[in-house]
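> For the sequence shown, this note's numbering assigns the number 159 to the initial residue and increments by one for each residue that follows.
Don't be surprised by glycine CBs; every beta carbon is placed ideally from N, CA and C.
Every value quoted in this text rests on a predicted model; they were computed, and no experiment measured them.
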Amino acid sequence: MVITRVGVLVVHGIGEQRKFETVEEIVRDVATALKADKTLKVRIILNEQNTGAYAASQQTWQADDKEPVIIEIRNAKNQVTQLAFSEVLWSDLGEPTSLQTQMTFWGWGLSLWSRKQYADINLATSNQMIAPQDINGKQPQMDLNARLRFFWVSLVILLVLPILSFLSVILRKVLGFDLRPDILVQYLGDIKLYQQGRRQGKGPLVDLGQRPRLSIRRRMVKGLVEMSLRNYDRWYVLSHSLGTIVAFNGLMETEEALPNYLNEDLWRRWQYVSPKKAETDLTDDDINNMLPSRPAWLNNNDIVARSDLFRNLQGFMTYGSPLSKFGLVWPAIVPVNKDNTVFNSKFEWLNVYDPTDPVAGRTALFNFTTAGNKQQPQEIAYKAEGIHLLSHVEYLNYNPSRKTPLVKQLSDWLLTGEQFQPAPESLGWPTPFIVQVYNNIRILIWLVVAVLLSWILSFFVRFALPDSFEEIIANIPYVDLSSPFFYIGLGIIIVLIFGTVMRLFKVTFN
């Protein structure tokens with residue numbers, strides 16, 4: 159029997175995911191969507207190891223040369239397809255919570271609105287890359303509108319902090335549930351980690367003293383090489399949130415720099431199937447200026463040929479992606495490789511975004527033409543969830559009440575190997591005009607959220623403060639703890655001060 163083997167590489171976003179948690183979640187939804195089709199027979203195969211740590215609570219999934227989990231599908235014609243899922247785990251590369259990391263996070267976050275663009279690529283092979291550009295070939299600048307949006311987002315996040323502190327105390331006393339006040343640092347801190355120039359803690363030993371994002375990219379590049387070496391009939395990359403930046407970096411990395419991310423064993427395996435060399439050797443100056451640093455066992459003309467690496471890569475899906483925001487604020491971190499003819503003619507880049515997701519957006523700054531002359535990416539406005547922000551984590555959740563949920567479309571795309579066909583009746587956003595209107599009123603939504611949070615904060619403060627303290631506060635001019643607008647005004651002043659001071663003194667927190 160001929161079995162079609164399809165590889166799927168999953169890249170998670172911000173958060174504290176543990177090994178295989180993201181894969182398990184996606185496989186559960188994809189398999190459920192496939193089982194809804196009664197003409198298919200679906201079973202799940204786990205590649206478990208018989209060994210585990212002493213007194214382990216469960217078996218260990220395989221994580222090396224085999225995929226940890228496979229969905230096997232048999233159709234009515236008795237044809238079998240295996241969807242083999244692997245992952246790029248990078249959540250363990252974050253920095254441990256400390257007073258320093260929390261203080262620098264807030265200093266960084268509250269000053270985003272005033273920052274200069276980080277636009278200087280300045281690496282050994284940077285001549286092969288271009289900065290993100292708009293449709294007219296111009297690099298976008300941080301205009302007043304963009305800074306205003308960042309300002310209000312920072313204000314809202316600042317207002318959330320004391321509310322979380324109050325809630326953590328109440329939940330601990332009433333329900334015994336521990337809500338960590340540092341949850342914002344733990345999650346949003348990943349964004350700061352990816353753009354900063356040096357670590358505040360010890361970090362991974364392999365990238366000692368180098369930029370934190372290099373360790374994350376190392377996991378991504380190794381994942382891409384391992385996927386290519388498995389000789390799938392075709393394979394795909396699925397990435398969410400900040401993971402879309404990680405995945406995009408891996409896909410765009412230059413051929414000369416790609417070997418630097420590999421260990422020697424993986425490099426030898428790659429060299430055996432693809433012994434191609436660069437036409438021009440790197441100079442010593444080039445090697446000294448490379449990130450990550452180049453191992454001594456590599457020759458100056460060693461490369462990972464992208465045409466070989468991506469030969470069977472047929473699809474790249476980004477959902478909940480902040481690529482355009484990185485392209486605006488940190489364009490040097492997300493440069494585009496000039497040569498994208500390395501992708502085959504069937505390759506598709508799908509960018510799925512929900513306008514109610516403040517993290518996500520269109521990727522208009524990253525269009526490129528593939529060998530098949532298809533303009534990339536395909537923008538898909540999808541209503542993942544009707545609640546602002548919650549939509550960020552609902553893209554691939556299977557909801558049987560929806561006529562055609564996104565995960566069903568994704569499953570068909572992976573299973574058939576055909577061009578992705580979005581179902582317009584299921585998207586929830588009737589026309590592009592409505593999407594554009596929503597995008598234009600986002601700043602008003604943030605304003606409403608700020609007022610709501612300030613009202614909640616005023617309630618908590620009045621509830622928590624003793625009467626004697628309220629009497630003292632009442633005698634201070636312009637201080638009215640019962641007014642939501644007091645907290646908005648105070649927040650505006652704090653964000654203004656942080657942004658102005660950081661800009662004047664050129665504090666980068668790198």
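On the three-state DSSP scale, how would you describe SER584?
Start at 1 with the first residue of the sequence shown, and residue 584 comes out as number 426. Because the pLDDT at SER584 is just 47, under 50, the model does not fix this residue reliably, and the point stays unresolved.
> Are at least three pairs of beta-carbons, each pair with one atom in the stretch 282–289 and one in the stretch 488–499, less than 8 Å apart?
At 8 Å Cβ cutoff, the stretches touch.
> Quick one: give me the first and last residue of the beta strand (DSSP E) that GLN354 is part of.
Taking the first residue of the sequence shown as 1, we reach residue 354 at position 196. Looking at the DSSP string, GLN354 is not in any beta strand (DSSP E), and its letter there is neither H nor E.
> Mapping the DSSP letters down to three states, classify ASN418 as helix, strand or coil.
As a first step, residue 418 is located in the sequence shown; it is residue number 260 there, counting from the start. Helix, per DSSP.
> Distance, Cα to Cα, ILE445 vs LEU363?
Counting from one through the sequence shown, the residue named residue 445 turns up at place 287. Counting from one through the sequence shown, the residue named residue 363 turns up at place 205. Between ILE445 and LEU363, the C-alpha separation is close to 21 Å.
> Quickly, what does DSSP pair GLN207 with across the bridge? List them, please.
Along the sequence shown, one-based indexing puts residue 207 at 49. Beta-bridge pairing links GLN207 to THR218.
> Distance, Cα to Cα, ASN498 vs SER323?
Here residue 498 is taken as the residue at index 340 of the sequence shown, counted from 1. Here residue 323 is taken as the residue at index 165 of the sequence shown, counted from 1. Each residue's Cα considered, the two are about 48 Å apart.
> What residues are listed by DSSP as bridge partners for TYR430?
For the purposes of this step, residue 430 is identified with residue 272 of the sequence shown, where counting begins at 1. Answer by DSSP bridge pairing: none, since TYR430 is not bridged.
> With 16 other CB atoms within 10 Å as the buried threshold, where does VAL431 fall?
Translated into positions along the sequence shown, residue 431 becomes position 273. Per the 10 Å Cβ criterion, exposed.
> Please give me, in chain order, every unbroken run of the beta strand (DSSP E) with length at least 3 that falls completely inside the stretch 212–265.
The qualifying runs are 227–232 and 238–246.
> How should TRP310 be labelled, buried or exposed, when 16 other C-beta atoms within 10 angstroms of its C-beta is the threshold for buried?
Within the sequence shown, numbered from 1, the residue matching residue 310 stands at position 152. It counts as buried.
> Within the chosen definition, does the stretch 251–263 reach the stretch 185–195 through at least 3 CB pairs nearer than 8 Å?
The stretch 251–263 is not in contact with the stretch 185–195.
> THR476 and SER386: beta carbons closer than 8 Å?
Working through the sequence shown from its first residue, we reach residue 476 at position 318. Working through the sequence shown from its first residue, we reach residue 386 at position 228. It is not a contact, given that the beta carbons lie outside the stated cut-off.
> To which residues of the same chain is VAL160 closer than 7 Å at the C-beta, ignoring the five residues directly before and after it?
Residue numbering aside, residue 160 sits at position 2 when the sequence shown is read from its first letter. Here the set comprises nothing.
> Under the three-state reduction of DSSP, which class applies to ASN598: helix, strand or coil?
The residue you call residue 598 lines up with position 440 of the sequence shown. Three-state result, ASN598: helix.
> What does DSSP give as the partner residue(s) for TYR394 in the beta ladder?
For the purposes of this step, residue 394 is taken as the residue at position 236 of the sequence shown. VAL166 and GLY473, per the DSSP bridge assignment.
> With respect to the alpha helix (DSSP H) encompassing TYR645, which residues constitute its N-terminal and C-terminal limits?
On the sequence shown, residue 645 is found 487 positions in, with the first residue counted as 1. Counting along the chain, the alpha helix (DSSP H) containing TYR645 begins and ends at 642–662.
> Can you tell me whether TRP507 is helix, strand or coil according to DSSP?
Taking the sequence shown and counting its residues from 1, the one referred to as residue 507 is at position 349. If DSSP states are grouped into helix, strand and coil, TRP507 belongs with the strands.
> Start and end of the beta strand (DSSP E) containing GLN368?
The residue given as residue 368 occupies position 210 in the sequence shown. GLN368 -> no beta strand (DSSP E), and no H or E assigned at all.
> What are the boundary residues of the beta strand (DSSP E) that ILE538 is part of?
Within the sequence shown, numbered from 1, the residue matching residue 538 stands at position 380. Residues 536–539.
> Could you name the residues that DSSP lists as bridge partners for ARG201?
Translated into the one-based positions of the sequence shown, residue 201 becomes position 43. Answer by DSSP bridge pairing, in chain order: GLU230.
> Considering only heavy atoms of the ligand ZN, does any lie closer than 7 Å to the CB of THR402?
The ligand ZN is absent from the structure shown, which contains no ligand whatsoever.
> What do you get for LYS483, buried or exposed, if any count of 16 or more other CB atoms within 10 angstroms of its CB means buried?
Reading the sequence shown from its first residue, position 325 is the one you call residue 483. Per the 10 Å Cβ criterion, buried.
> Report back the beta-carbon spacing between PHE474 and VAL395 to the nearest angstrom; my notes put them in contact at under 8 Å.
Translated into the one-based positions of the sequence shown, residue 474 becomes position 316. Translated into the one-based positions of the sequence shown, residue 395 becomes position 237. About 5 Å separates the two Cβ atoms, so the contact holds.
> By alpha-carbon positions, which one of ARG600, ASN236 and ILE461 ends up nearest to THR197?
To locate residue 197, count along the sequence shown from 1; it is residue 39. Among ARG600, ASN236 and ILE461, the Cα nearest to that of THR197 is on ASN236.
> Is it the case that the Cβ atoms of ILE228 and LEU192 are separated by a distance below 8 Å?
Start at 1 with the first residue of the sequence shown, and residue 228 comes out as number 70. Start at 1 with the first residue of the sequence shown, and residue 192 comes out as number 34. No, the pair does not count as a contact, with Cβ atoms beyond the cut-off.
> Can the beta-carbon of ASP439 be found less than 8 Å from the beta-carbon of ASN421?
Here residue 439 refers to the residue found at position 281 of the sequence shown. Here residue 421 refers to the residue found at position 263 of the sequence shown. Their beta carbons are not under 8 Å apart, which means ASP439 does not touch ASN421 by this criterion.
> Sorted by chain position, which residues of the same chain lie with C-beta nearer than 8 Å to ILE349's C-beta, five sequence neighbours on each side aside?
For the purposes of this step, residue 349 is taken as the residue at position 191 of the sequence shown. Excluding positions up to five away in sequence, the list reads ILE172, LEU400 and PRO480.
> Can you tell me whether ASN457 is buried or exposed? The criterion is at least 16 other CB atoms within 10 Å of its CB, across all chains shown.
Here the question's residue 457 lines up with position 299 in the sequence shown. ASN457 comes out exposed.
> Evaluate SER503 with the Cβ neighbour count: other Cβ atoms within 10 Å of its Cβ, from every protein chain shown; 16 or more gives buried, anything less gives exposed.
Here residue 503 refers to the residue found at position 345 of the sequence shown. So SER503 ends up on the exposed side.
> According to DSSP, simplified to helix, strand and coil, what is ASN447?
The residue you call residue 447 lines up with position 289 of the sequence shown. Coil.
> Using CA atoms only, rank isn't needed, just tell me which of VAL246, PRO489, ARG427 and PHE644 is closest to VAL404.
Translated into positions along the sequence shown, residue 404 becomes position 246. Residue VAL246 is the option with its Cα nearest to VAL404.
> Of all the options LEU554, GLN368, ARG560 and LEU241, which has the alpha carbon lying nearest to the alpha carbon of ASN447?
Looking up residue 447 in the sequence shown gives position 289. Closest by alpha carbon: GLN368.
> What does the alpha-carbon distance come out to for the pair PHE618 and PRO642?
Position 460 of the sequence shown, counted from the start, is the residue given in the question as residue 618. Position 484 of the sequence shown, counted from the start, is the residue given in the question as residue 642. Near 11 Å, if we compare the C-alpha coordinates of PRO642 and PHE618.
> How big is the Cα-Cα spacing for THR209 and THR218?
Here residue 209 is taken as the residue at index 51 of the sequence shown, counted from 1. Here residue 218 is taken as the residue at index 60 of the sequence shown, counted from 1. Computed Cα separation, rounded: 7 Å.
> Leaving aside the five residues before and after GLY530 along the sequence, list all residues of the same chain whose C-beta is less than 8 Å from its C-beta, in chain order.
The count along the sequence shown starts at 1 and reaches residue 530 at position 372. Caution applies to GLY530, whose pLDDT of 49 falls short of 50 and renders its modelled position unreliable; the value that the coordinates give is listed next. Closer than 8 Å at the Cβ level, and outside the excluded window around GLY530, lie ASN502, SER503, LYS504 and PHE505.
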